[in-house]
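J.: Questions regarding the structure given below will be posed in turn.
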Amino acid sequence: MAHATTTTGLTDEAFDRLKQKLIDLVEPLSDSQLLDLADGIHELLRQRRTLRQHHAERMTERARLASLS
8 MAHATTTTGL TDEAFDRLKQ KLIDLVEPLS DSQLLDLADG IHELLRQRRT
58 LRQHHAERMT ERARLASLS
């Protein structure tokens, strides 16, 4: 599966190694354990998106206020 390279995080090579290690680690989990883990990761993503959105809104508001001054 292709993934986008970002300016932060791991290199593509390091990400691929980590992904394989994670797959190896979760292989023995039951379906319900794996789904629970996936839910936790999904919640982390939701929190990050919320934080980024909040930050973007704050920066937009600051820029708007600065332009009024």
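My numbering numbers the first residue of the sequence shown as 8 and each following residue consecutively.
Beta carbons are placed, not taken as given, at the ideal position from N, Cα and C, and that holds for glycine.
No experiment lies behind these values; they were computed from the predicted model shown.
1) Using the C-alpha atoms, what's the distance from Asp38 back to His49?
2) Please look up how many angstroms separate the CB atoms of Leu42 and Val33, rounded, as I've assumed it's under 8 angstroms.
3) DSSP on Glu34, reduced to helix/strand/coil?
4) Please state the DSSP three-state secondary structure of Ser76.
5) Can you check the region 17-67 for any alpha helix (DSSP H) of at least 4 residues that lies completely inside it and give the ranges in chain order?
T.: This is what the structure gives:
1) Their backbone Cα atoms lie some 16 angstroms apart in a straight line.
2) About 11 angstroms separates the Cβ atoms of Leu42 and Val33, ruling out a contact at the 8 angstroms cut-off.
3) Of the three classes helix, strand and coil, the one that applies to Glu34 here is coil, per DSSP.
4) In the three-state reduction of the DSSP assignment, Ser76 falls in the coil class.
5) Within the region 17-67, the complete alpha helix (DSSP H) segments at least 4 residues long are 19-33, listed from N- to C-terminus.
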